[in-house]
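Colleague: Let me begin by handing over the structure; questions about it come next.
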């Protein structure tokens, strides 16, 4: 059996043991294992093909992948002017892929994360711009994640004013309807965090250890790093180790009420 087939078989066997008690007639369910949440960012014309290739590998293994999408990248790429990427993203969304709004203009502050230090007023303006431009071309994501996952208090304060159910940050998944925080640290390849060999080894170990503890594991990779086969191989390995350690593959919609 090939490594991919073996991994897929393991995913198929993976389940979430549950314990439950009734309190006032309501069943309260406790997850005994955490989730594995995988995502790809920096998706535009130069990275779309590589992202598609990686998605095929995860799809074959039965691992959902969420896509982080922004209306502008690098100052000279605009989703509204890229019909091919728009079409590809629509196909992904129609197939059930979760799309996450990943900021407004990732290049606006150079190397700094766009929403990391914004006050409420500035965050509101950028969110208005991003949501309006995305809606104009037919995309209305219900989850927000700032570039590099770094989100200021001002941003978190104004997010409930928009049609988002959840937001993801370095701290975890914020339920914007209830104020609840699902703590889950993000482990990234690229996205300002680096992709050197030593860093990738640390991410693989961290993903495995976190899954062994029953925590939710969040793995993300920048589309800009998908040209490097070694980086891609180690990203797949991190996901594989997390699953083998007990994490159940899911996407970011797993926190939405059923």
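Residue numbers (this note's numbering): 671 to 928.
For every residue, glycine included, the Cβ atom is placed at its ideal position computed from N, Cα and C.
Predicted model, so just to flag it, every value in this text is computed and none were measured.
Quick one: what does DSSP say residue 719 is sitting in, helix, strand or coil?
Modeller: Helix at residue 719.
Colleague: Grab me the residues of residue 743's own chain with a C-beta within less than 7 Å of its C-beta, minus the 5 sequence neighbours each way, in chain order.
Modeller: If we look at residue 743 and ignore the five residues flanking it on each side, its Cβ neighbours are 712, 714, 776 and 777.
Colleague: Here's a check: name, in chain order, each residue in its chain whose Cβ is nearer than 7 Å to the Cβ of residue 894, leaving out the five neighbours to either side.
Modeller: The residues are 712, 717 and 860.
Colleague: CA-CA distance, residue 696 and residue 725?
Modeller: Bear in mind that the predicted position of residue 696 carries a pLDDT of just 30, short of 50, making it unreliable; the figure below should be weighed with that in mind. Straight-line Cα distance between these residues: approximately 39 Å.
Colleague: Determine the closest residue to residue 790 out of 922, 826, 887 and 857, with distance taken between C-alpha atoms.
Modeller: Residue 790 has its Cα closest to that of 826, out of 922, 826, 887 and 857.
Colleague: Would you kindly work out how many angstroms separate the C-alpha atoms of residue 858 and residue 738, rounded to a whole number?
Modeller: The straight-line gap from Cα to Cα measures roughly 13 Å.
Colleague: Buried or exposed: residue 819, going by 16 or more other Cβ atoms within 10 Å of its Cβ?
Modeller: Flag for residue 819 reads buried.
Colleague: Go ahead and label residue 921 buried or exposed: buried means 16 or more other beta carbons lie within 10 angstroms of its beta carbon, across all protein chains shown.
Modeller: That one is buried.
Colleague: Would you identify the three-state DSSP class for residue 817, choosing helix, strand or coil?
Modeller: Residue state, collapsed to three classes: helix.
Colleague: Of the choices 815, 784, 747 and 882, whose alpha-carbon is the least far from that of residue 769?
Modeller: Nearest of 815, 784, 747 and 882 to residue 769, Cα basis: 815.
Colleague: Any chance you could list the alpha helix (DSSP H) runs of at least 4 consecutive residues sitting entirely within the region 745–831, in chain order?
Modeller: Taking only runs of at least 4 residues, the alpha helix (DSSP H) segments lying wholly in the region 745–831 are 753–764, 790–806 and 823–828.
Colleague: Select from 847, 842 and 908 the residue whose C-alpha is nearest the C-alpha of residue 869.
Modeller: Nearest C-alpha to residue 869: 908.
Colleague: Quick one: using the 10 Å Cβ neighbour count with 16 as the cut-off for buried, is residue 856 buried or exposed?
Modeller: Buried.
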